[in-house]
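Chemist: In this note's numbering, the protein residues as written are 969 to 1292.
Using N, Cα and C, we set each Cβ at its ideal position, and we do this for glycine too.
Dumping the structure here so I can ask a few things about it.
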C-alpha cells in the first residue's frame, strides 16, 4: 500500500496498535482493518495540509466506535463507509476543521434516524446530509441541515425546531429541500410544503398513526383525542401521546405532561362529529367512510385528530396543500 495513508500509518504504527489494544476490546480486528483500508486511503491519499493526522485519528476512533455499536459493518442501518468515500469532497472542509465532531455528527444522526424512522430513512438522511455538507459553512449549519432533512423524511415532532433552523440554511438549500427560499411558518399551512404558495384545499383524510400495543403500537384500548395546551393529544387512559403531523408525515410523541388533563377530557378545539363518518371544524366538513364509528375529534393548529370506537388508530385530518 502506498500514498499518504500508508506513510501516516507506518509512522504511527506503535501508537495506533496501542490505541486499538486499549480502546478496541470486543471489536473484530479484521473488520476494523477492512474499514480503514476501504475508507481512509481515498480520503487521505490526496489530502493536502498538516491536519491529515487528525483526520486519521478521527477515522480510527469512528471505526472502533462504529463497529462496536453496529453503525458500521454488514448490519449497519446505513452505508456510512461508502458515503464517507463517495462524498469526501463535500465533507472535506468539515473533516479539516473538526474531524471528530463531523464523524460523531454523522454517526449519531444516522443512529437516531434509524431508531425513529427505520434503516431506509437513515440511509437517505446520511446521503442527503453528506452530499450537501459543502453548502454548510460550519458545524452549526451542518446540524441545522441534519435536523431539517430528518424532518422532511418524516420526523414530524421536529417541525417547530426544523422551521426555525431552516431559515439559517442557504436559500439554495431551502429551495431544494422545502420548495422555496421564503418559508411560510403558519400552522394553518402545516400540510403544504413550507416553501411553496400551494393553495389549501378542503379537509382530507391524510393518514393515520398509532395502533394496538400487541402489534407494536402504543395503545392497549381504543384511544380518544382532545386538546391540551393547544396541542392535539390522544390517550387510552394508561398512556398519553401528542399527535405530530404535517406535510411530511405523522407520528406520536409521548406526552406524560398532558396525561392528567387528557384523562379528564380536555377540549375539542372546535372539532365536532356531526353525523356518522362526518367531521366538522368551523366552516369545513369532511365525510369519509373510514371515519364511521368516530367517537372523538379534536383540532389545534391546523391539525385534526379523530378516533373510532373499534380502532387503536388515530386518524389525521387537515387541509392538504397542492401546488398550483
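Have a look at the DSSP bridge pairing and note the partners of residue 1272.
Modeler: For residue 1272, which the question treats as bridged, DSSP gives the partners 1267 and 1285.
Chemist: Can you list, in chain order, the residues of its chain whose CB lies under 7 Å from that of residue 1021, leaving out five sequence neighbours each side?
Modeler: Contacts found: 976.
Chemist: Name the DSSP bridge partner or partners of residue 1180?
Modeler: 1187, per the DSSP bridge assignment.
Chemist: For residue 1229, which residues in the same chain have their Cβ closer than 7 Å to its Cβ, ignoring the five residues on either side in sequence?
Modeler: These residues qualify, in order along the chain: 1196.
Chemist: Less than 8 Å between C-beta atoms, sequence neighbours within five positions excluded: which residues of the same chain meet that for residue 1292?
Modeler: Here the model assigns residue 1292 a pLDDT of 47, short of 50, so the residue's position is not dependable, and the following value carries that caveat. Closer than 8 Å at the Cβ level, and outside the excluded window around residue 1292, lie 1165, 1166 and 1167.
Chemist: Could you give the uninterrupted runs of the alpha helix (DSSP H) lying entirely in the segment 1033 to 1105, keeping only those of 4 residues or more?
Modeler: Taking only runs of at least 4 residues, the alpha helix (DSSP H) segments lying wholly in the segment 1033 to 1105 are 1048 to 1054, 1056 to 1065, 1067 to 1085 and 1087 to 1099.
Chemist: Among all the DSSP beta bridges, which residues are the ones paired with residue 1252?
Modeler: According to DSSP, which records beta bridges pairwise, residue 1252 is partnered with 1249.
Chemist: Whose C-beta lies closer than 6 Å to the C-beta of residue 1045 among residues of the same chain, with five residues either side of it excluded?
Modeler: Cβ within range, chain order: 1082, 1087 and 1090.
Chemist: In angstroms with no decimal places, state the Cα-to-Cα distance between residue 974 and residue 1049.
Modeler: Rounded to whole angstroms, residue 974 to residue 1049 spans 19 Å at the Cα level.
Chemist: For residue 1164, which of helix, strand or coil comes out of DSSP?
Modeler: Coil.
Chemist: Do residue 1274 and residue 1239 have their beta-carbon atoms positioned less than 9 Å apart in this structure?
Modeler: In contact: residue 1239 and residue 1274 (Cβ atoms closer than 9 Å).
Chemist: Please report how far the alpha carbon of residue 1095 lies from the alpha carbon of residue 1051, in whole angstroms.
Modeler: Going from the Cα of residue 1095 to the Cα of residue 1051 covers about 7 Å.
Chemist: Give the straight-line distance between the Cα atoms of residue 1039 and residue 1232, rounded to the nearest whole angstrom.
Modeler: Rounded to the nearest angstrom, the two C-alpha atoms are 44 Å apart.
Chemist: So what does DSSP say about residue 1116, is it helix, strand or coil?
Modeler: If DSSP states are grouped into helix, strand and coil, residue 1116 belongs with the helices.
Chemist: Can you tell me the Cα-Cα spacing of residue 1199 and residue 995, whole angstroms?
Modeler: Their Cα atoms are separated by approximately 46 Å.
Chemist: Can you give me the start and stop residues for the beta strand (DSSP E) that residue 1228 sits inside?
Modeler: Segment 1227 to 1231 is the alpha helix (DSSP H) holding residue 1228; no beta strand (DSSP E) there.
Chemist: For residue 1055 and residue 1159, what's the separation of their Cα atoms in angstroms?
Modeler: Their Cα atoms are separated by approximately 33 Å.
Chemist: For residue 1299, which option in 1288, 1278 and 1098 has the closest C-alpha, if you only look at C-alpha atoms?
Modeler: The chain is shown only over 969 to 1292; residue 1299 falls outside these bounds and no answer can be derived.
Chemist: With distances taken between CB atoms, is the gap from residue 1122 to residue 1284 smaller than 9 Å?
Modeler: It is not a contact, given that the beta carbons lie outside the stated cut-off.
Chemist: Please state the DSSP three-state secondary structure of residue 1172.
Modeler: Three-state DSSP puts residue 1172 in a strand.
Chemist: Does the structure place the segment 1185 to 1195 close enough to the segment 1204 to 1214 that three or more beta carbon pairs sit under 8 Å?
Modeler: Result yes; three or more Cβ-Cβ pairs closer than 8 Å.
Chemist: So the candidates are 1171, 1130 and 1027; which of them puts its Cα closest to the Cα of residue 1216?
Modeler: Per the Cα distances, 1130.
Chemist: Determine, using beta carbons only, whether residue 1113 and residue 1103 come nearer to each other than 9 Å.
Modeler: A contact, by the Cβ cut-off of 9 Å.
Chemist: Which residue or residues does DSSP assign as beta-bridge partners of residue 1203?
Modeler: In DSSP, residue 1203 forms a bridge with 1192 and 1208.
Chemist: Could you give the distance in angstroms between the alpha-carbon of residue 1024 and the alpha-carbon of residue 1136?
Modeler: Approximately 31 Å, taken between the alpha carbons.
Chemist: How far does the beta strand (DSSP E) with residue 1219 in it reach, from first residue to last?
Modeler: Here the beta strand (DSSP E) through residue 1219 covers 1217 to 1222.
Chemist: Tell me whether residue 1035 is buried or exposed, calling it buried when 16 or more other Cβ atoms sit within 10 Å of its Cβ.
Modeler: Label assigned to residue 1035: buried.
Chemist: Tell me which residues share the same chain as residue 1026 and place their Cβ nearer than 8 Å to its Cβ, disregarding the 5 neighbours each side in the sequence.
Modeler: Taken in chain order, the residues that qualify are 1063, 1067, 1068, 1070 and 1071.
Chemist: Would you report the Cα separation of residue 980 and residue 1006, rounded to the nearest angstrom?
Modeler: Their backbone Cα atoms lie some 19 Å apart in a straight line.
Chemist: Relative to the alpha-carbon of residue 1242, which residue among 1234, 1265 and 1222 has its alpha-carbon at the smallest distance?
Modeler: If we check each option's Cα against that of residue 1242, 1265 comes out closest.
Chemist: Could you check the C-alpha separation between residue 1181 and residue 1078 for me, to the nearest Å?
Modeler: About 27 Å.
Chemist: Leaving out the 5 sequence neighbours to the left and right, which residues in its chain are closer than 8 Å to residue 1161 when beta-carbon positions are compared?
Modeler: Counting only Cβ-Cβ distances below 8 Å, and skipping sequence neighbours, we find 1146, 1147, 1148, 1215, 1289 and 1291.
Chemist: When DSSP labels each residue in this structure, what does residue 1131 get in the three-state scheme?
Modeler: It is helical.
Chemist: With DSSP run on the structure shown, which of helix, strand or coil describes residue 972?
Modeler: DSSP places residue 972 in helix when its eight states are reduced to three.
Chemist: Within the same chain, show all residues whose beta-carbon is closer than 7 Å to that of residue 1093, passing over the 5 residues directly before and after it, in chain order.
Modeler: Cβ within range, chain order: 1077, 1078, 1081, 1117, 1118 and 1121.
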